[in-house]
Structure formats: C-alpha cells, structure tokens
Amino acid sequence: MLLFFVVGLVVHLIFFASIFDIYFTSPLVHGMTPQQTLHPPPAKRLLLFVADGLRADTFFALDEHGLPRAPYLRNLIKTKASWGVSHTRVPTESRPGHVALIAGFYEDVSAVAKGWKENPVEFDSVFNESMYTWSWGSPDILPMFAKGASGDHVFTHCYLAESEDFAAEDATKLDSWVFDHVKAFFRSAQSNQTLLRKLHQDKVVFFLHLLGLDTNGHAHRPGSREYKDNVKKVDEGVKEMVTLIEDFYGNDDKTAFIFTSDHGMTDWGSHGAGHPSETLTPLVAWGAGVHHARENLVLDPGSTEWNLENWRRLDVNQADVAPLMAALIGLSYPLNSVGVLPVEYINSSNLFKAESMLTNALQILQQFKVKMAQKKQTTLPFLFLPFSLLSESKQLDIVRKARSYIHGGNYKEAMELCRTLIDFALEGLAYYHTYDRFFLGTSLVVAFTGWILYVILIIMKTNPSIIRTSSSYTGVSSIVLQVMVLRFLVQLYCFV
Ligand SMILES: [Zn+2]
C-alpha cells in the first residue's frame, strides 16, 4: 500500500510539472543575426519618457473645466507630434510593460516561476543596441536593462529602494528627482570632456522612468486630485527636458522624443489584469524623423471623447514602440522583438521607410528560422510537420520580390509585402512555440486514463466483492470509483 501511495504521488508530481513544460515555456530563441537598416537614420538620439501607470483617458481627456491636463503634450499632438493609443497585454505590470516597450516582446511567461523583478532570461533591447543609454528612475526597472546589456554602455541612475520614503508624503517627488538629476547630469557634462564626447555620438538614448503617477494612483486612485496634478507635473517636466536637450545640442533637430506609459490603472487603483483602463496607454512621438500632426479628412469618432477627433490617431501594440525607436536612430532591431514598425509615425523618405520595414521583416524572419531549426532538431524526422505558409522557397521569393520593388521605386508594394512576411513569420513563431502542446496534452490524458484504470484494478483486487455482487456498489469502493471517474472527466475538460 505504501509503495502504491509513493508511486501515485510521483505520477501526480510528474503530471503537475508537465503543466510548466506545456504552458510556461519561454518564447525566446537565441542565435539570430542582428538586422539593421543601412540608410542613414533621421535622428541621432532619442529621449524616452515612461510615465508609469498613466491611463490613456486621464491623459488625453480634458478636465472638468474643459482644459487639458497635459497642455504641453496636447499642444504637440495638434502641431508637431504623431499620437495614438499603445495597447498593452496582460499582465499589466511595470516589468512586462517595459520589456515590451524597450525589448519589443511580451514578457516571457517562464518568468512567472522565477519572479518578475529579476532578469529571468537574457534578452536584447534597444538600450543594448544603442551606442550609449543613460537612464534615471526606479531601481525596480532600470537595472534589468543594464544587466542584460553587453559591455559597459547602459548607465543607470536610481534612487535607493529604501529611500523611496522621501516621496511618501508627495509621490511627485519621484518624478522631480528624475528631472533634477537629468539637469544635474547635463550641467556636469559641460566640464567633463569624456562624457561630452560620448553624448555627442550617434545612437544615444536617454530614458526617464517616472514612477510618481503609479504611486499616486495606488495611494489615491486615478480619479484623485493627486493623480491628476501629477499628470500636470509630468507634462511640465517633459517640457523642461525638451528645452534642456535642445539647448544642449544647439537646436540641431536631431533628437526624437517618445512619451508613453507601461500600463494604465483601474478606477480603484490597481493594475495587472486586462481591463481597458489598464491596457490602454498614451503614445506621443515627436522630433527628428517623426511625422508632424495630421488633420483628419473625416472626423475620428474613436477620439471624440477626448476632443481629438480632428487629429489623426495611430494606435500601436506596445511592442511596436521598440522597432520605432530602433528605426528612428538607426539601431539594429532588438533580436527577440516581435514588434511591427508603425511606419506611419515616421517622417522620412519612402526608401527609408521601405528599407526599415524590410529590416523589420528580416529580423522577425530570423527568429522564425531559428525556432523552426530548433523544433526540427528535437522532433523525430517523420513526425516533423513544417509550418506550411512559410516554406523556404516562399521566404526567398517574398524577400527577393520586396527587394526588387524597392529597387524599382515601388515602395508601397514593398512595404505591403514586408507586412505579409511579418504576419506569416509571427504566425509561424506561434505555431512552433505551441508545436508540442497537443502531443504533450494527449500524453497527459492517456497517462491519467492509464493511472485511473490501474487504481480501479488495485481496488478490485483488494475488494473482490465488487465484482461478485453488484449490490456492494453502494459501498466505499463505489464512492472512490465514482470520484475517480468524475476527476478524470474534470481533468479532460480542463485540458480541452
Ligand atoms: Zn503599480
């Protein structure tokens, strides 16, 4: 009986562990070649502002007096910026949000088992691909991008976690801390030749992580005066930073700016789930290489509630921000990025746009190829079923055609073809990622059935009366049998 119990326990532990093998596997692959557009990029440097926990509606909507909550940024939307809603995915947490924005992929689910804060797997990011990145903000966010980076080129300036108390009374101090330190940094650069030289190189990124809104939202809820006042503070800070950078670089018009948020927040001050208040975040981009505001020929009913129906709204998925940043300053696209370049944000030649889309397509295709090769290697040859929509000849054919369209000046057709290639490659990546799921699930169901039959056999052996008299079915053994069958059906239902 003891042996039976031990075997039972082991079988169930194996089944339990198999769930992680089936559902919690990392989508990331390694070994791709970096892809970069060879044409000169429109910007030399990029400033990324992430207002942690800022909801799209609070940011875009006018206040009760009909005034904008972020007047500076709203004015940009109407003049020199492209804007839209960036749609995030669940879990709507800071870490996955930043990974999507900066590395271009949706958080590795295997991170669940390893905790969200640490870097569970090595991944490439816009910061890693940059020449230099300087970042300011929370110690919960910045280090994970510095740790994953190769070489000493991603610099972090964090307040100490334990000294976040300095903002206990007023969370906007978390944001003022960042703005003040950026100002001090550029002041100190004036007398530091080495730093000055680095700052004047191409492909430089500045990242300002602003945690005030998230903290105020948790403490006072997004409908509070504190949260809304914080939006204004952030807006003023962004304005100051833009002036600072433009002055520092002598108004060379070579800086691109992106303002967004990692996730939103519910009315009751929480986030993590998939409610629109959590998944809709603002995106405003302007500066070098970004398209200025465009008026709608037909009013957009989706933006009426924000009184922005006159201005063209360009929604993106959160991971699309990574290739946008890479294209603007001419970086290699982050290797694991699944973001699709939102080409309408870019103000450059059609040739540059088409080449950038092709680079994006090749970079995602690289992942598809590596993933397919890996799957092929771990599957018996006669059991391997390749993804039918993107055979090797089809890949070659699409790439060749896209290149010839570009050479012939048919940029629109080239971009459409690249988009098709990206869609196929992403579909193929999902195909190979879930390739074993059916096989593993079926094995699990078969194993469970076998185990239940085995248990039934043991019960019958130890209670032969069950077979002899049907009346004994009212006994304990019958209840056990019924529970087992019920359990099996539930298991089957859960799997399906
Ligand atoms: Zn939060």
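Position in the sequence shown (from 1) plus 4 gives the number in the working numbering. A virtual CB, placed ideally from N, CA and C, is assigned to each residue, including glycine.
- At least one heavy atom of ligand 1 is found less than 7 Å from the C-beta of Ser-98.
- Taking all protein chains shown into account, Met-5 has fewer than 16 neighbouring C-beta atoms within 10 Å of its C-beta and is therefore exposed.
- Inter-residue distance for Phe-211 and Ala-47 is about 16 Å (C-alpha atoms, whole angstroms).
- Here His-16 is not bridged, per DSSP, to any residue.
- Distance from the C-beta of Asp-218 to the nearest heavy atom of ligand 1 is below 7 Å.
- Under DSSP, the beta-bridge partners assigned to Trp-315 are Glu-299.
- As the crow flies, the alpha-carbon of His-204 is around 30 Å from that of Arg-78.
- Segment contact: the stretch 370 to 380 against the stretch 346 to 358, fewer than three CB-CB distances shorter than 8 Å; contact not assigned.
- Straight across, the Cα-Cα distance linking Gln-370 with Leu-71 is about 48 Å.
- When beta bridges are read from the DSSP output, Ser-129 appears opposite no residue.
- Pro-72 sits in a strand when the DSSP states are folded into three classes.
- Counting C-beta atoms within 10 angstroms of its own C-beta, Leu-345 has 16 or more neighbours from the protein chains shown and is therefore classed as buried.
- Here DSSP, grouped into helix, strand and coil, assigns Asn-321 to strand.
- Under DSSP, Arg-49 takes part in a beta bridge, and its partners are Val-208 and Thr-259.
- Using a cutoff of 7 Å, the CB of His-91 does not count as near ligand 1, since none of the ligand's heavy atoms is closer than that.
- The beta carbon of Tyr-110 lies closer than 6 Å to those of Arg-93 and Ala-104 in the same chain, with the five residues before and after it left out.
- Contact between the stretch 22 to 35 and the stretch 434 to 454 is established, with three or more Cβ pairs separated by less than 8 Å.
- If you draw a straight line from the Cα of Lys-82 to the Cα of Leu-312, it is about 8 Å long.
- Annotation for Gly-57 indicates a beta carbon within 7 Å of some heavy atom of ligand 1.
- Secondary structure at Pro-286: strand, using DSSP grouped into helix, strand and coil.
- Assignment of Leu-66 by DSSP, reduced to helix, strand and coil, places it in the strand class.
- Excluding five sequence positions before and after Thr-160, the CB atoms of its chain that fall closer than 7 Å to its own CB belong to Ser-139, Leu-146, Pro-147 and Ala-150, given in chain order.
- Within 10 angstroms of the beta-carbon of Phe-388 lie fewer than 16 other beta-carbons, which makes it exposed.
- Proximity of the beta carbon of His-222 to ligand 1 is indicated: a heavy atom of the ligand is located closer than 7 Å.
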